[in-house]
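Numbering (full-length UniProt numbering), first residue to last: 1 to 353. All residues carry an ideal CB built from backbone N, CA and C; glycine is no exception.
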Amino acid sequence: MKAYTYVKPGEAAFVDVEKPVVRKPTDAVVRMLKTTICGTDLHIIKGDVPVVESGRILGHEGIAVVEEVGEGVTNFKKGDKVLVSCVCACGKCYYCRKGIYAHCEDEGGWIFGHLIDGTQAEYLRVPHADNTLYHTPKGLSDEALVMLSDILPTGYEIGVLKGKVEPGCTVAIIGSGPVGLAALLTAQFYSPAKIIMVDLDDNRLDTALSFGATHKVNSADTEKAIQEIFDLTDGRGVDVAIEAVGIPATFDFCQNIIAIDGTIANAGVHGVPVQFDLDRLWIRNINVTTGLVSTNTTPQLLKAMESHKIAPEKLVTHYFKLSEIEEAYKVFSKAADHHAIKVIIENDISPEA
Numbered sequence: 001m002k003a004y005t006y007v008k009p010g011e012a013a014f015v016d017v018e019k020p021v022v023r024k025p026t027d028a029v030v031r032m033l034k035t036t037i038c039g040t041d042l043h044i045i046k047g048d049v050p051v052v053e054s055g056r057i058l059g060h061e062g063i064a065v066v067e068e069v070g071e072g073v074t075n076f077k078k079g080d081k082v083l084v085s086c087v088c089a090c091g092k093c094y095y096c097r098k099g100i101y102a103h104c105e106d107e108g109g110w111i112f113g114h115l116i117d118g119t120q121a122e123y124l125r126v127p128h129a130d131n132t133l134y135h136t137p138k139g140l141s142d143e144a145l146v147m148l149s150d151i152l153p154t155g156y157e158i159g160v161l162k163g164k165v166e167p168g169c170t171v172a173i174i175g176s177g178p179v180g181l182a183a184l185l186t187a188q189f190y191s192p193a194k195i196i197m198v199d200l201d202d203n204r205l206d207t208a209l210s211f212g213a214t215h216k217v218n219s220a221d222t223e224k225a226i227q228e229i230f231d232l233t234d235g236r237g238v239d240v241a242i243e244a245v246g247i248p249a250t251f252d253f254c255q256n257i258i259a260i261d262g263t264i265a266n267a268g269v270h271g272v273p274v275q276f277d278l279d280r281l282w283i284r285n286i287n288v289t290t291g292l293v294s295t296n297t298t299p300q301l302l303k304a305m306e307s308h309k310i311a312p313e314k315l316v317t318h319y320f321k322l323s324e325i326e327e328a329y330k331v332f333s334k335a336a337d338h339h340a341i342k343v344i345i346e347n348d349i350s351p352e353a
């Protein structure tokens, strides 16, 4: 089958590989229908995730059709259309029992496109299929479902929930990329008084306003941007600052705009250390959280989508075929130049069963 694989830092390739097979009773093999590219995939290709081996198939998001299941799989059968979660979970280990699926101890957690082969291929082996796959409700678009694999629960769990967004609070989201916009969409569940989007790209800021942000701030001039935020918050700063970029400058920006007793929720993937100003944070009672998404909110988000409380398909801006995945990466890696947010990649190679 064809798959997009990591080769070495700075290099990936679309190559022929062996089709996956069921290895364990709890496995399923699925035929991918649609996948996408995540910023984490770019980090991997750059070399920021050194545990990823050469030849690893990339990708951890998508929807698929079940081709085969192991004898231990009870919730799915051949022909079922499914959502593939970015996190695998055995449901039985110490961390799964605590609901921290991101750190499942039995071939689980974030492993697709990381420690095992991922979704940017014709077929995918899914460990712990009963807990990793979700039936797709009728009436939801493929585009919306793909957004539910990763970025929607990431923005919600790591940004909104860890940030403790609540009615009447003020929120700043630093970075109007996919995760930042996912945080924007889900923050509105809690009716904050203000949601201030911060970015360098005016086009993305305008998109954020159309998605429900109340204010936009261009951070090209850092000091001016910080002052704008204080002006919008009666000189106090924001109650919640969601970092959705993953570079030292944006984390530092959060430290400079957070109000007394506020929360910095770091959702961005960092490749280098950041400066942590504990000397300033402790005396102002600042809370700092971060984490890897566990996707335990996926059922809740599915219900929100079914009831039309959220429309994540709005995040999709570009469409490609799997045979065009190299072009898709070129566009996504220069997202600002192409006004791209999320791309959809459709499997045009594997015939329907």
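- Residue pairing for Ile63: DSSP places it in a beta bridge opposite Lys34 and Leu83.
- Rounded to whole angstroms, the separation of the alpha carbons of Leu200 and Val69 is 46 Å.
- Judged by DSSP in its simplified three-state form, Ile229 adopts helix.
- Around Cys93, the same chain offers Cys104, Glu105 and Asp106 as residues with beta carbons nearer than 7 Å, after the five sequence neighbours per side are excluded.
- Contact between Asn285 and Ile260 holds: CB atoms are separated by about 6 Å, below the 8 Å threshold.
- A straight-line Cα-Cα distance of about 33 Å links Ile345 and Val171.
- In this chain, the beta strand (DSSP E) harbouring Asn218 covers His215 to Asn218.
- The Cβ-Cβ distance between Asp150 and Glu243 does not fall below 7 Å.
- Comparing alpha-carbon positions, the option among Ala193, Ile264 and Gln188 lying closest to Asp277 turns out to be Ile264.
- Within the stretch 143 to 190, the runs of beta strand (DSSP E) at least 3 residues long that lie entirely inside it are, in chain order, 170 to 174.
- Under the criterion of beta carbons closer than 8 Å, Gly155 and Ala183 qualify as touching, at roughly 4 Å.
- Pairing Ser85 with Thr132 gives a Cβ-Cβ distance under 7 Å.
- Within the DSSP bridge table, the entry for Ala241 names Ala172 and Ile264 as partners.
- Partner residues in the beta bridge of Tyr319, as assigned by DSSP, are Ile344.
- Boundaries of the alpha helix (DSSP H) harbouring Lys303: Thr298 to Glu306, taken from the DSSP string.
- For Phe112, the three-state secondary structure derived from DSSP is strand.
- By the Cβ rule, the stretch 300 to 308 counts as touching the stretch 141 to 150, because three or more pairs are nearer than 8 Å.
- Membership of His135 in the beta strand (DSSP E) is indicated by the continuous run Leu133 to His135.
- Under the three-state reduction of DSSP, Cys90 is assigned to coil, being neither helix nor strand.
- Beta-carbon to beta-carbon, Asp117 and Arg23 are separated by about 12 Å, too far to satisfy the 8 Å threshold.
- In this structure, Tyr123 places its C-beta atom within 7 Å of the C-beta atom of Met1.
- Across the structure, His318 and Ala144 are spaced so that their CA atoms are roughly 14 Å apart.
- With a contact defined as Cβ atoms closer than 8 Å, Gly59 and Cys88 miss out at about 14 Å.
- A buried status is given to Pro178, since no fewer than 16 other beta-carbon atoms sit within 10 Å of its beta-carbon.
- Counting along the chain, Leu124 sits inside no alpha helix (DSSP H); it lies in the beta strand (DSSP E) bounded by residues Tyr123 to Val126.
- Judged by DSSP secondary structure, Ile325 falls within the alpha helix (DSSP H) whose first and last residues are Ile325 to Ser333.
- In the displayed model, Thr74 falls within coil according to three-state DSSP, outside both helix and strand.
- Contact between Asn256 and Ile226 holds: CB atoms are separated by about 5 Å, below the 8 Å threshold.
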